[in-house]
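For reference, the structure is listed below as structure tokens.
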Amino acid sequence: MTSTPPRADRVLSARQLERNAYRIRQSRRRATIAAVSTIVVLGLLVLVVVNAPGWERVRLTYFDWGHAKESFPKILDAFWLNIRLFLTIELFVLAVALLIAVIRVIPSPALMPLKIIAALYTDVFRGIPTLLIVLLVGFGVPALNLNGMPTSLFWLGVIALTLSYGAYVAEVLRAGLLSIHPTQWASGRALGMSYRQTLRHIVLPQAVRRVSPPLINDFVALQKDTALLSTIGLVEALRAAQVYSASTFNFTSLCVAAVFFIVVTIPLARFTDWLTIRSLRRENGI
Amino acid sequence: MLRIKDLTKAYGDHVVLDGIDLSVARGEVVCLIGASGSGKSTLLRCLDLLEITDDGDIWLDDREITDPTVDPDEIRRSIGIVFQSYNLFPHLSVLDNVTIGPRRVLGQKRAEAERRAHELLDRIGLDGKSDAYPDALSGGQQQRVALIRAVAMQPKLLLLDEVTAALDPMLVGDVLDVVRDLAAEGHTIVMATHEMAFARESADRIVFLADGRIVEEGTPEQIFTAPREARTREFLARHLPA
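Read top to bottom, the protein sequences are chains A and B.
Using numbering that gives the first Met the number 0, read the first sequence as starting at 0 and increasing by one per residue.
Using numbering that gives the first Met the number 0, read the second sequence as starting at 0 and increasing by one per residue.
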């Protein structure tokens with residue numbers, strides 16, 4: 000066999016140098032177009048807003064640096080309540096949703112009454128606006144005067160949002176469980192694992208991975224909806240901002256509260272992206 | 000019709016194609032043989048512009064398709080490729096799998112595309128399955144549909160990448176029968192295969208690759224009975240039933 004020089008020493012043909020130069024020009028052109036179009040679009044948006052007749056007034060009432068600094072510590076304090084609510088509710092939501100999803104998926108006839116209750120639960124609580132559930136639980140449950148029912152606003156809030164989000168997340172998990180191919184169940188059982196073991200070690204891990212983007216999507220929504228609990232009297236970030244604006248007639252505090260919510264949401268969103276890409280890499284080898 | 004000149008392709012330091020020169024005439028059936036990792040699949044992927052090549056030219060008729068200004072979609076319209084894993088669209092019926100390309104890409108009317116699809120399906124004995132979904136078919140049936148799906152686009156050139164490698168030995172024959180029919184009809188085919196008996200009987204030319212180079216090419220008669228190169232002899236000794 001004639002020996003050709005190894006790749007590293009290979010001299011590219013004149014034609015290939017032309018092709019490479021063309022590709023470099025193309026990618027430079029694409030980068031330029033991306034940069035220019037971004038600057039133009041964003042610039043136009045800013046121009047439109049800044050030149051609106053009411054901009055000066057909006058700037059003073061919504062984006063006032065002095066008010067921002069003054070309201071910041073109050074809202075920060077109150078936002079800590081949003082975080083605690085979110086973390087507590089998230090744990091309960093996961094537990095409730097998992098239970099409901101598994102009950103609805105297990106093909107056991109003995110569980111029929113539970114399956115009916117589970118189906119009713121998701122239908123009812125997904126059907127009612129979250130704000131309405133918050134109001135019903137927040138004002139209705141204490142009125143029952145039941146022994147042992149919590150009367151603290153914090154726990155009433157936890158119950159209300161858990162009921163609502165449990166129903167959504169249960170459906171997401173159920174879709175995930177149903178999307179795992181039946182051969183995975185069969186392979187688990189074939190190794191001698193019980194139904195429960197197969198669910199726990201084979202099917203559930205795959206299902207959760209598959210639905211992690213919608214799952215985290217729901218948690219981002221939950222994190223924002225903790226603001227709904229201001230309606231039953233919890234002084235969280237939104238309420239604190241409203242209190243501030245009511246006493247100063249300036250709405251900058253609302254924008255400060257908005258920034259708090261965004262700052263917490265962004266890491267969650269990036270985390271979802273990272274999870275998605277990681278599982279794609281692992282399972283599809285890309 | 001197809002001319003490849005000094006084609007090279009590396010992934011990092013790993014050279015997969017190392018100066019491939021090959022011409023294929025219209026209506027010719029060329030079988031690429033060689034061990035796994037010899038570059039057969041990469042060569043086919045480069046021909047369909049699924050990989051960007053490092054150097055060298057590919058000409059299809061009078062177009063240089065390695066020219067970076069050509070639209071790869073337009074080139075792929077005239078080249079059909081079938082992979083080892085059948086890759087039928089699981090959400091479409093067999094009939095829709097075959098007609099989606101002609102309808103969406105070639106702009107054929109539904110009635111016309113379906114008439115043609117039924118003809119093709121009938122020829123592979125699967126017209127009865129036209130309303131079935133891919134998962135309800137055996138691997139061999141799926142692969143036959145995949146071949147027909149490629150042919151329905153009326154490609155100038157058909158690339159087959161180890162189309163029988165994922166199949167049960169019992170089903171390989173059915174798929175090869177379809178390939179044989181397509182060859183007899185005058186399709187131009189370049190196929191990577193491990194089916195030596197099929198290559199010997201149906202190919203016009205055999206190309207033996209090793210380490211990204213063409214070690215030897217010739218008629219099946221010559222390659223299988225009187226290989227010139229030691230590496231070809233070695234490879235065949237391992238892959239031909241004694």
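Think of the CB as a built atom: it goes at the ideal place given N, C-alpha and C, for glycine as much as any other residue.
Below 8 Å, enough C-beta pairs join the region 178 to 187 of chain B and the region 143 to 150 of chain B to call them touching: three or more. When Cβ-Cβ separations below 7 Å define contact, residue 18 of chain A makes contact with chain B. For residue 177 of chain A, the closest Cβ of chain B is not nearer than 7 Å. Fully contained in the region 28 to 95 of chain B are the following beta strand (DSSP E) runs of length 3 or more, in chain order: 28 to 32, 54 to 59, 78 to 81.
Across the structure, residue 277 of chain A and residue 93 of chain A are spaced so that their CA atoms are roughly 22 Å apart. According to the DSSP secondary-structure assignment, residue 207 of chain B is paired through a beta bridge with B:32, B:215.
A straight line joining the alpha-carbon of residue 167 of chain B with that of residue 174 of chain B spans about 11 Å. Contact between the region 171 to 183 of chain A and the region 219 to 229 of chain A is not established, with fewer than three Cβ pairs separated by less than 8 Å. Residue burial annotation: residue 32 of chain B is buried, with at least 16 other C-beta atoms found within 10 angstroms of its C-beta. CA-to-CA, the gap between residue 192 of chain B and residue 24 of chain A works out to about 39 Å. In its chain, beyond the 5 residues on either side, 175, 178 have a beta carbon closer than 7 Å to the beta carbon of residue 209 of chain A. For the C-beta of residue 65 of chain B, the chain A residues within less than 9 Å are, from N- to C-terminus, 14, 15, 18. Cβ contact annotation for residue 37 of chain B (same chain, cutoff 8 Å, sequence separation greater than five): 208, 209, 210, 211, in chain order.
Annotation for residue 238 of chain B: no beta strand (DSSP E) segment contains it, though the alpha helix (DSSP H) segment containing it runs 229 to 238. Pairing residue 141 of chain A with residue 231 of chain A, the inter-Cα distance amounts to about 12 Å. Proximity of the region 115 to 134 of chain A to the region 151 to 163 of chain A meets the contact definition, three or more beta-carbon pairs being nearer than 8 Å. Within the DSSP bridge table, the entry for residue 189 of chain B names B:29, B:158 as partners. It is roughly 7 Å from the alpha-carbon of residue 89 of chain A to the alpha-carbon of residue 218 of chain A.
At a C-beta separation below 7 Å, residue 29 of chain A has no neighbours in chain B, since its nearest C-beta there lies roughly 13 Å away. Judged by beta-carbon spacing, residue 212 of chain A lies within the 7 Å limit of residue 275 of chain A, meaning their Cβ atoms are closer than that value.
Distance check between residue 195 of chain B and each of B:213, B:188, B:170, B:163 places B:163 closest, using alpha-carbon atoms only.
The beta carbon of residue 47 of chain B sits no closer than 7 Å to any beta carbon of chain A.
Judged by DSSP in its simplified three-state form, residue 197 of chain A adopts helix.
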